[in-house]
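Step one of this worksheet: look at the structure below.
Chains as they are written, first to last, in my numbering: chain W, 872 to 1459; chain C, 10 to 111.
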């Protein structure tokens, strides 16, 4: 040791200090860099790492099933294939697009579809749908191609096994299974459930290597409707036949059970297939029973008659001179469809005399008539649990003109929906009590049925008034009046026809060539099993009256539905041979 | 050195403890393995149940489509050549007449 001189020791000491300083400097710089990464840029870098290595995806729960009142499936979600592109970081856009191009014919991809996919590839999106509505055959063929970055995955899709049946009630969903109209929209929250959340872990090349569920999805609840698929089918079939036969613009039939307010059928024509929602043109998705306002014409005389009897200003046998067949009101001439002579009050309504009804309306007075119209809930929604219901149009009393009493008495200057007029007829059918409509029955969850309580009815007119109007007026409409085409062998029915001229909005006049033909009624008259409204817009040819166009639809639908419901006739229609029998145990 | 002679009882107790410990550990390991095995089986069965439930739902859909009123009506009319009976051709048995005036 002593051989090493002091100069050597100093040199070693100096070198040690330099080395230590270098180490210290390196460590200091490293520390600064760590502080920068871990403290200063922590948030930004953490987000970048998370974005690069993790992907949070919602888990769409299974949407609830919609049933009719007997458990027939009307809408259900099932897993269906979907083809998607998951690009890696180093995959050239041109190659990815070329792979998609190989699927063009197999998936019927349009140039527009391809352009969209191209722009998403160029935007370096990490998950690109190539096509979502494909069938299992297509999925198998794509899998066999074994294309890099192209995957066949599963997602739930909405199916409607009865095709277009009850389309306007069911509505439809978009591609993400969100309700867009009908009960699919109205009960969307209940049906769709609660979305879950999954975490997908990816490596540096964005390849998925693990995943975990952050939040379990809650499946949607099932929904039971009050509709009866068979009654709905009967209504749709007869409606379509009538609309085609009379070349009407559109038509609607709505059937309810008056005592419970349950809707048994709600049909509109033209119709659409809810599997292909939205339909083209979108207008066919219009639920005409609740979303179409029209002037009801003579159907509205049920309100005039109710007001006349409830206020007591007119007796059933009171006479009205209708012999001229026309009446002038504030410069306007209103005609009857034929000269009818002198009629009783009952006869006025039974034969649908405009002249007589206007005279009745004038005796009622505008305050009483307006109050009765309001009591019958015109000008406001029926509260039916479907979206997009129209209010109808009821002008406030302050805006009534000198013609308004006359016009309202015979169903003009007021617009209603089919549902509103059926609700009004149901008040008579229920002997003066309004029972609100409903179309959703109960929701079925894993714990079982949870029945909803029925809404209580509210009295609108007295039982005596309603009963007398049925037996002395509205049964007469069907047996001897304008609604004879609605008569059903073996059953007593009550109803009212309507034939309203349509207003030309440009000319401001009512056109003699364009009508809304309608009929509203119920059967049997004593204890109604069903009530129904039929409306046809602009029937062509010579038959344009409600009694000629809509009443036969009522008869045919009611006849078939009564047979389906095992309702035996109240009286023997005729006594010819019998060859078939109906077994009560066949009831669905 | 004096070698201490082991008491037989102590040896037996020690051996018993060792045996107990080994048995406990063996049981624990067997139990863990069994639980894992059952877990796998449960998982497989749950997957099978899910698959069967999906199959049931698909079959119910097929059934609904096959029983669609439109299809039944078409088959009855076009394939089976059935026609609707006239009102006078129908007998009503064990059915009460529809409601009349109260």
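Note that CB positions come from ideal geometry on N, CA and C, so glycine has one too.
Assumed close pair residue 1394 of chain W, residue 1401 of chain W - CB separation to whole angstroms, cut-off 8 Å: The distance from the Cβ of residue 1394 of chain W to that of residue 1401 of chain W is about 6 Å, consistent with a contact at the 8 Å cut-off.
Please identify the residue among W:966, W:1372, W:1380, W:890 whose C-alpha is closest to the C-alpha of residue 1170 of chain W. The option with the nearest alpha carbon to residue 1170 of chain W is W:1372.
Can you find a CB in chain C that lies within less than 7 Å of the CB of residue 944 of chain W? Closer than 7 Å: yes.
C-alpha gap between residue 1111 of chain W and residue 1124 of chain W, whole angstroms: Here the C-alpha atom of residue 1111 of chain W lies approximately 10 Å from the C-alpha atom of residue 1124 of chain W.
In the DSSP assignment, what residue or residues form a beta bridge with residue 1027 of chain W? Paired residues: W:950.
Does chain W have any CB closer than 7 Å to the CB of residue 74 of chain C? Under the 7 Å criterion on CB atoms, residue 74 of chain C is classed as interfacial with respect to chain W.
For residue 950 of chain W, return the contacting residues in chain C, with the cut-off set at a CB-CB distance below 8 Å. Residues of chain C whose Cβ lies closer than 8 Å to the Cβ of residue 950 of chain W are, in chain order, 63.
7 Å Cβ cutoff, residue 1101 of chain W in contact with chain C: It does; some Cβ of chain C falls within 7 Å.
With 16 other Cβ atoms within 10 Å as the buried cut-off, status of residue 916 of chain W: Its Cβ having fewer than 16 others within 10 Å, residue 916 of chain W is exposed.
Count the other C-beta atoms from every protein chain shown that fall within 10 angstroms of the C-beta of residue 817 of chain W, then say buried if there are 16 or more, exposed otherwise. There is no way to answer for residue 817 of chain W, as the model of chain W reaches only from 872 to 1459.
The stretch 1027-1043 of chain W touching the stretch 70-82 of chain C, judged by at least three CB pairs closer than 8 Å: With the cut-off at 8 Å, the stretch 1027-1043 of chain W and the stretch 70-82 of chain C touch.
For residue 1336 of chain W and residue 1177 of chain W, believed in contact at Cβ under 8 Å, the rounded distance: Going by Cβ atoms, the distance from residue 1177 of chain W to residue 1336 of chain W rounds to 7 Å, so yes, they are a contact pair.
Limits of the beta strand (DSSP E) - the one that residue 101 of chain C falls within: 99-101 is the span of the beta strand (DSSP E), which, as asked, contains residue 101 of chain C.
Output yes or no for whether 7 Å exceeds the beta carbon distance between residue 947 of chain W and residue 968 of chain W. It is not a contact, given that the beta carbons lie outside the stated cut-off.
Buried or exposed for residue 90 of chain C, please, with buried defined as at least 16 other CB atoms from any protein chain shown within 10 angstroms of its CB. By the Cβ neighbour-count rule, residue 90 of chain C is exposed, with fewer than 16 other Cβ atoms within 10 Å of its own.
Within 7 Å of any Cβ in chain W, is that where the Cβ of residue 77 of chain C sits? Closer than 7 Å to some Cβ of chain W, the Cβ of residue 77 of chain C qualifies, so yes.
Chain C beta carbons: is any one of them nearer than 7 Å to that of residue 1032 of chain W? Interface residue (Cβ-Cβ distance to chain C less than 7 Å): residue 1032 of chain W is classified as such.
Among the residues of its own chain, which have a CB less than 7 Å from the CB of residue 1246 of chain W, if the five just before and after it don't count? Once the five neighbours on either side are set aside, the close Cβ partners of residue 1246 of chain W are 1331.
Does residue 25 of chain C get closer than 7 Å to chain W when you measure Cβ to Cβ? At least 7 Å separates the CB of residue 25 of chain C from every CB of chain W.
Let me know if residue 1206 of chain W comes out buried or exposed under the rule of 16 or more other beta-carbons within 10 Å of its beta-carbon. Classification of residue 1206 of chain W: exposed, given that the 10 Å Cβ count is below 16.
Using a Cβ cut-off of 7 Å (strictly closer), state whether residue 1058 of chain W contacts chain C. Residue 1058 of chain W does not count as touching chain C.
Nearest to residue 1349 of chain W by CA position, among W:1106, W:1421, W:1013, is which residue? Comparing Cα positions, the closest option is W:1421.
Which whole-angstrom value is the C-beta distance of residue 1228 of chain W and residue 1285 of chain W, which I expect to be below 8 Å? Contact doesn't hold; Cβ gap of about 14 Å is too wide.
Start and end of the alpha helix (DSSP H) containing residue 1470 of chain W? Summary: the structure shown does not reach residue 1470 of chain W, with chain W confined to residues 872 through 1459, and so no result is reported for it.
Identify whether residue 1330 of chain W lies in helix, strand or coil by the three-state DSSP scheme. In the structure shown, residue 1330 of chain W sits in a strand (DSSP, three-state: E or B).
Which residue spans inside the stretch 1196-1281 of chain W form an unbroken beta strand (DSSP E) run of at least 3? Annotation: the stretch 1196-1281 of chain W contains the following complete segments of the beta strand (DSSP E) (minimum length 3 residues), in chain order: 1197-1200, 1203-1206, 1212-1215.
To the nearest angstrom, how far is the alpha carbon of residue 1066 of chain W from that of residue 1029 of chain W? A direct Cα-Cα distance of roughly 17 Å separates residue 1066 of chain W from residue 1029 of chain W.
In chain W, which residues lie with their C-beta within 7 Å of the C-beta of residue 69 of chain C? Residues of chain W with a Cβ closer than 7 Å to the Cβ of residue 69 of chain C are, in chain order, 944.
At least 3 beta-carbon pairs within less than 8 Å: the stretch 1353-1366 of chain W vs the stretch 1187-1206 of chain W: Counting Cβ pairs under 8 Å, fewer than three are found: no touch.
Tell me the DSSP secondary structure of residue 849 of chain W in three-state form. The question about residue 849 of chain W has no answer, for chain W in this structure spans 872 to 1459.
For residue 1141 of chain W, the nearest candidate out of W:1132, W:1340, W:1133, W:1153 (CA to CA): Nearest C-alpha to residue 1141 of chain W: W:1153.
Helix, strand or coil for residue 1003 of chain W? Go by DSSP, reduced to three states. Here residue 1003 of chain W sits in coil by DSSP.
Check the Cβ of residue 1361 of chain W against every Cβ in chain C and list those closer than 8 Å, keeping chain order. In chain order: 96.
Whole-angstrom Cβ separation of residue 1411 of chain W and residue 1118 of chain W, contact assumed at under 8 Å? The pair is a contact, with the Cβ atoms about 4 Å apart (cut-off 8 Å).
Backbone secondary structure at residue 1043 of chain W - three-state DSSP: Under the three-state reduction of DSSP, residue 1043 of chain W is assigned to strand.
Straight-line CA distance for residue 1217 of chain W to residue 1180 of chain W? Near 11 Å, if we compare the C-alpha coordinates of residue 1180 of chain W and residue 1217 of chain W.
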